[in-house]
Structure formats: C-alpha cells, structure tokens
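If you read the sequences in order, they're chains A and B. So the first sequence is numbered by my numbering: it starts at 5 and just counts up by one. So the second sequence is numbered by my numbering: it starts at 189 and just counts up by one. Structure, as structure tokens:
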Amino acid sequence: MNAKLSRIATVWAAPVLLGAIAAVVGSHYLPESIAEQSRRQAELVPPVRFTAVNVTLPSGSAMFPPGEGSEIANANCVMCHSTGMVLRQPALTVDEWKTEIMKMRGAFGAPIPADQVDELARYLGVINGRKSESGPSAVDKQAS
Amino acid sequence: MKKHERDIFEQRRRLLGSLGALGVAAFAGSLTATAAESSTIELPFENGERTLTSAFPQKSDVILQRTRPPLIETPFDVFDQGVFTPNDRFYVRWHLANIPTAVDPATFRLDIRGHVDKTVSLKLNDLLSKFPRFEIAAVNQCSGNSRGFFNPRVPGGQWANGAMGNARWTGVRLKDLLEHAGVRANAVQVRFNGLETGVIPQTPKFMKSLAIDHALDGEVMVAYAMNGETLPLLNGYPLRLVVPGWYATYWVKMVHDIEVLDKPDDNFWTAKAYLVPDNHFANVHPGDKGFRQVPINTMLPRSFFTNVRSDATVRPGQPMLVRGIAFGGLHGLQKVQFSPDGGQTWTEARLGQDYGKYSFRQWQTTLNFPQPGKHVLLVRAVDTTGQVQPDTPNWNGAGFMRNVIESVDINVA
Numbered sequence: 005m006n007a008k009l010s011r012i013a014t015v016w017a018a019p020v021l022l023g024a025i026a027a028v029v030g031s032h033y034l035p036e037s038i039a040e041q042s043r044r045q046a047e048l049v050p051p052v053r054f055t056a057v058n059v060t061l062p063s064g065s066a067m068f069p070p071g072e073g074s075e076i077a078n079a080n081c082v083m084c085h086s087t088g089m090v091l092r093q094p095a096l097t098v099d100e101w102k103t104e105i106m107k108m109r110g111a112f113g114a115p116i117p118a119d120q121v122d123e124l125a126r127y128l129g130v131i132n133g134r135k136s137e138s139g140p141s142a143v144d145k146q147a148s
Numbered sequence: 189m190k191k192h193e194r195d196i197f198e199q200r201r202r203l204l205g206s207l208g209a210l211g212v213a214a215f216a217g218s219l220t221a222t223a224a225e226s227s228t229i230e231l232p233f234e235n236g237e238r239t240l241t242s243a244f245p246q247k248s249d250v251i252l253q254r255t256r257p258p259l260i261e262t263p264f265d266v267f268d269q270g271v272f273t274p275n276d277r278f279y280v281r282w283h284l285a286n287i288p289t290a291v292d293p294a295t296f297r298l299d300i301r302g303h304v305d306k307t308v309s310l311k312l313n314d315l316l317s318k319f320p321r322f323e324i325a326a327v328n329q330c331s332g333n334s335r336g337f338f339n340p341r342v343p344g345g346q347w348a349n350g351a352m353g354n355a356r357w358t359g360v361r362l363k364d365l366l367e368h369a370g371v372r373a374n375a376v377q378v379r380f381n382g383l384e385t386g387v388i389p390q391t392p393k394f395m396k397s398l399a400i401d402h403a404l405d406g407e408v409m410v411a412y413a414m415n416g417e418t419l420p421l422l423n424g425y426p427l428r429l430v431v432p433g434w435y436a437t438y439w440v441k442m443v444h445d446i447e448v449l450d451k452p453d454d455n456f457w458t459a460k461a462y463l464v465p466d467n468h469f470a471n472v473h474p475g476d477k478g479f480r481q482v483p484i485n486t487m488l489p490r491s492f493f494t495n496v497r498s499d500a501t502v503r504p505g506q507p508m509l510v511r512g513i514a515f516g517g518l519h520g521l522q523k524v525q526f527s528p529d530g531g532q533t534w535t536e537a538r539l540g541q542d543y544g545k546y547s548f549r550q551w552q553t554t555l556n557f558p559q560p561g562k563h564v565l566l567v568r569a570v571d572t573t574g575q576v577q578p579d580t581p582n583w584n585g586a587g588f589m590r591n592v593i594e595s596v597d598i599n600v601a
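Here it is, written out as structure tokens:
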C-alpha cells in the first residue's frame, strides 16, 4: 500500500518539480513581464521635475474702513496682515480687542504706540464689535 | 477603477433616479457657487460670508479667509468628489507675510546641520536620485480647522470644516536624510525652518520642532510631490515636511533648513504658540485659568457628511444614499458608525477603498424613511484603539482640535 502511494507521489511530483525548475531557470532568460518593466522604469524616471516657479500673490493692501482711529490700524496692522483677518473675526468687545492688540504687540512686535492702544481698540469695537454684556469673554492671550 | 469605487458608482447610478429633491438641495448650492467668478459662500456661523476666489497662483475656486498672509479654505463639496484633495483646491495657511514668490531649483538647498556628524547641503535633484523614494497618503489638517464653530466664538482664522486635505505625499524619509548626515548621540529634537519670515524683524521666525525619536520613526518625511505633482507654491514648493497623524502646524512649508538640537527648542512657535489644554480632547471651560498646557500634537478621529447638508428634503419612501469621509487621526480608522435617529441607534457604514491609516476613507450608507418628519443624522469615526468622537464639542481659547460628532438635519416631506 505504502509502495503504491509513493509510486503515485513520484508520478505526480516529478513533473511538478521539473516544471518548477524549468520556470526558475527560464525566468532568467525570458523577458520580464510588462508590469515588472514598468515598475523598474518608474524607479528610474524621477516622479517630478523641479522647474523655476515665479508667481504673484494678491497684494492684500486694502485699507481699513474710515473712522476715528482707522489711521492707527492702517499704520500698524496692514504691514503684517490684510484687513480681512480683522473684519472676518467674530464681533469682540473693546476689552477683547485690546487683548488682541496686546498680543500683536507682545508676541509679534507690532509697533503700536502704547498711548494709541485704547483708541485702536475702540475703533475695532466700532467696525466689528459687540457689547460687553452680551456674553463672557472667550479671548485668551495665547498667540498662534 | 478599483472594486470599491466601482461598487459605489454602481450604487450611485441605481439611486440617481430617485435622489430627486435631495440631490437638488444638496448639490445646487455648491454648483452655483463654483459656476460664477468671485461669487460668495455663506459659512454656517455669524459673520461667515466669504468670497470664492481664483486670485491665488495654482489655486482655483477656494474660500478666501485672508489675503495676506494667505489663508484659503477648501470648499466642502470638494470632499465629496474623492478621497484625495486636488492640489488646486487644497487649503492654505501661512503665518508670516514675507513668502518667497520665486523659487529657483538650481540654487535651492536643503541644509542639515547642528548636532550631526557632517553638515550637508542637498540639491533638490539629490533628493530624487540619492535617497529611496517614500510615499504615503495622509491627511493634513490645520490645528484650528472648524474654529468658526466654537461657541463661545474665539478669535483666529474663522474656518469652517475645510482647513484640511488629503494627498499622496512623495519624497524621502526624514530618517534617511538624518542618517545621511549622522545624528549625534546627544540629539534631543530636530527643528525645521521654512523660507517665510515676518515683515518686521521683531516677529519670531516660523520654526517647529519634533522629538528626535519621532523624527527618526521612518514615517515623517520631506515631500517633493503632492498627488503626483510638485507642490503648489502656497502648499510649500519645493519641499514640505509631512508628519503623518499630527496637526499641520508641524508640516513646515518651503522647508530649507533642518537643525538637530541637543536641548529642547525654546523658539516662540514651538514653546509658546500652538499650546492646548493638557487633557484628552483639549477641553476647558471659557474663563478657566491655571490649567496645564502642552504643544498641540496628534490628531483625533473625525468624520463628515459630504453629499447632504442640513435642511435637505427627501420624499418618504425614497431610498437615499448618504456618504462622506472619515479619518482616524494618529491611529487608523477602525469603523464609521451612522445614526439615522439622533444617536439612539448606530449602524456600521460601508467603507470605501483603504489608502492607509493616515488617509481619508469614504463611507456610505443607504436610508429610507417611510414616514414624513424631521430626522437628525449623525456620523462618528472610531479609530483602531477604539477611541470614538465625542458627542459634545470641546472648547479652548485658541479654537484647536475640534472633533465633535457631526450632524445633519433632514426633512422627510
């Protein structure tokens, strides 16, 4: 019985083994697959080419809406950022605007003279303000 | 076309005829918004009117948040069109207004210096030819994405949910670059410096740092391509740092200088800015003081609806395909759960093709409400550690790390 089994195994295994050997040997001589060729090609070809880039960015130099104190804003804020950043903020109280101004002076070096801080805060409270009673202050001093 | 995508498209075709009123409600707004030049879009919070602009180089139809330095947001309908965000719609966030508008690849150098065995200065083509190519799909999300939804409101860029994007990033591993220079044993952190500077010398230079072990983890990379093309200038051409699973503040744009430090970085942007409350969801109460803060770091799971907006109307008995995107943050996405009834019951949504643990993944489900009425749809992502999105929003004064469960109200009528 065992001898018969091993005969069957030999009859079936021999061609499989031969085939495997032929495949291994053949793969060294036969051309590689198209997928393999394109993979090797992709490795050789750089994925991108760097070119000189020269662009123009929108100037963002619009001035603040007219009003008492707008000249302080125009002289000290617009140099670093366009007005839209201020106008698109949620409405803040004068005190909250003052916190923002002190952050700009302290963390980023905005050259706003100390004696103009209050007037600038009042101006910002006029163009984008809310009354102090309308809710708790959520403005913290962290700059980011 | 991959099998999952095909499934989704077949389903879409089958349902198209019956989408009817919902389709009109969900898509009409976005289509008309993008059809006209310099039209406006209304972000869903107070003072939320914004211009759609194509005034920025290599960008088209994006939401103008600030002209200088540029803050531009991706309109949310873009996220319904695929899991990879096209480069020309990809959001942009710069801190400082002196941004080089010209980059010459012939003279650009990436320097690696500090506590290394040898200082190196690499040409762009060195990155292409001398280092193994590395590619990863990863979400880039601004720390302050969704800040406009904070209640009470907080100052800062007033983003809706589009200060994020997903791309295939191609480049070289930071590990390979650092090992090329040879990291000395006393290295503690690695600091990345981009080409932007402040307008006045008093403004701190924008730099960010990562711990040395993180920098050497084999995933942090220097990318020279985004979705198979060089980066748009405003996304950091020619090179940007990619820090998978971490908020975008670390993904330094136009990175040209990598410095290995032997002590923790104390520069303003690493040590004093971008701090969050030291608790799981960066959550405190307005007015709280004296809590411990740490530098913002890894991203939390999030999920969004992309094809249906609040106040959409659908007819009773009409099948309705609801879909969106989700991501796991630091950990991969395990599953996306959907609730058709305001959170009473949750079922697992079907997921689209998986592009890796840091990528967006599409989810979808089909609904059929037999009776007229109002319904609140919710979606939440669960990451591979089992972490779920919270059902109440976090709050902090900087407006960082929002990841509350998103909801959409629909009318069945």
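We put the CB at the ideal spot given by N, CA and C, even for glycine.
According to DSSP, is residue i part of a helix, a strand, or is it coil?
i	result
D445/B	strand
G345/B	coil
P465/B	strand
M89/A	helix
G211/B	Residue confidence is low: G211/B scores 42 on pLDDT, short of 50, so the model does not pin down where it sits. No coordinate-derived value is stated.
E100/A	helix
Y33/A	helix
E123/A	helix
W434/B	strand
T14/A	helix
A19/A	The displayed chain sequence assigns Pro, not Ala, to residue 19/A. In this structure, P19/A counts as helix in the three-state DSSP scheme.
F322/B	strand
M108/A	helix
V266/B	helix
F493/B	strand
E367/B	helix
Run the CB neighbour count on residue i, radius 10 Å, all protein chains shown included, and call it buried at 16 or more, exposed below.
i	result
K562/B	exposed
S317/B	exposed
K8/A	exposed
D144/A	buried
E36/A	exposed
L207/B	Summary for L207/B: the model assigns pLDDT 43, below 50, so the residue's position carries little reliability, and this model does not support an answer.
A500/B	buried
A213/B	Annotation note: pLDDT 43 at A213/B (below 50); position unreliable, coordinate value reported separately. So A213/B counts as buried.
A470/B	buried
K306/B	exposed
W16/A	exposed
L219/B	With a pLDDT of 42 at L219/B, under the threshold of 50, the predicted position of this residue should be treated as unreliable, though the coordinate-derived value follows. Counting Cβ neighbours within 10 Å, L219/B comes out exposed, since fewer than 16 surround it.
Y279/B	buried
Q577/B	buried
H283/B	buried
Taking residue i as the query, report the chain B residues whose CB atoms sit under 8 angstroms from its CB, ordered along the chain.
i	result
V143/A	V342, P343, G585
A56/A	A290, V291, D292, P293, A294
G59/A	It should be noted that the sequence gives Val, not Gly, for residue 59/A. Within 8 angstroms Cβ-Cβ: P245, Q246, T289, A290, L421.
Anything in chain A within Cβ reach of residue i, meaning under 7 angstroms, just list it in chain order.
i	result
R568/B	Under the 7 angstroms cutoff, chain A gives no residues; its nearest Cβ is about 26 angstroms from R568/B.
A413/B	P51, V52
Please compile the residues from chain B whose C-beta is within a distance smaller than 9 angstroms of the C-beta of residue i.
i	result
Q120/A	The contacting residues do not exist; Q120/A stays about 17 angstroms from chain B at best.
A95/A	E234, N235, R341
G64/A	R254, T255, R256, P257, P258, A285
Residue i bridges to which residues according to DSSP?
i	result
R43/A	Answer by DSSP bridge pairing: none, since R43/A is not bridged.
N286/B	T385/B
Q577/B	Answer by DSSP bridge pairing: none, since Q577/B is not bridged.
Q329/B	M352/B
K562/B	N599/B
W551/B	G512/B, L539/B
K311/B	R297/B
Just the chain A side, please: which residues come within less than 9 angstroms of residue i by C-beta, in chain order?
i	result
Q577/B	In chain order: nothing, as chain A lies at least about 23 angstroms away.
I388/B	M83, C84, F112, G113, A114, P115
T358/B	P51, V52
If the cut is a Cβ gap below 8 angstroms, which residues of chain A does residue i touch?
i	result
E417/B	V52
Q329/B	Within chain A, no residue comes near Q329/B; the closest Cβ sits about 15 angstroms away, beyond 8 angstroms.
Q346/B	R92, Q93, P94
- Between the region 81-93 of chain A and chain B, which residues of the former have CB atoms less than 7 angstroms from a CB of the latter, in chain order? Listed in sequence order: M83, C84, H85, S86, G88, M89, R92, Q93.
- Message: Closer than 8 angstroms between beta carbons: that is the criterion. Which residues of the region 19-46 of chain A meet it against chain B?
- Response: For the region 19-46 of chain A, which is checked against every Cβ of chain B, not one residue is closer than 8 angstroms.
- Looking at chain B, which residues of the region 102-113 of chain A have a Cβ within less than 8 angstroms of any of its Cβ atoms? Residues of the region 102-113 of chain A whose Cβ lies closer than 8 angstroms to any Cβ of chain B, in chain order: E104, A111, F112, G113.
- Task: Give, in chain order, every residue of the region 306-322 of chain B whose Cβ lies closer than 8 angstroms to some Cβ of chain A.
- Result: Cβ contacts with chain A: L312, N313, L316, S317, R321.
- Message: Closer than 7 angstroms between beta carbons: that is the criterion. Which residues of the region 546-562 of chain B meet it against chain A?
- Response: Those would be none; no residue qualifies.
- According to a CB-to-CB cut-off of less than 7 angstroms, which residues of the region 235-249 of chain B neighbour chain A? If you check each beta-carbon in the region 235-249 of chain B against every beta-carbon of chain A, the ones closer than 7 angstroms belong to N235, A243, F244, P245.
- Item | Near-chain A residues of the region 421-450 of chain B (beta-carbon distance less than 7 angstroms), N- to C-terminal order | Here the close residues are L421, Y425, P426.
- Task: Pull out every residue of the region 453-465 of chain B whose Cβ sits closer than 9 angstroms to any Cβ of chain A, in chain order.
- Result: Going along the region 453-465 of chain B in chain order, one finds F456, W457, K460, A461, Y462, L463 with a Cβ nearer than 9 angstroms to chain A.
- Query: Of the residues that make up the region 390-405 of chain B, which ones have a beta carbon closer than 7 angstroms to any beta carbon in chain A?
  - Reply: Of all residues in the region 390-405 of chain B, Q390, T391 have a Cβ within less than 7 angstroms of some Cβ in chain A.
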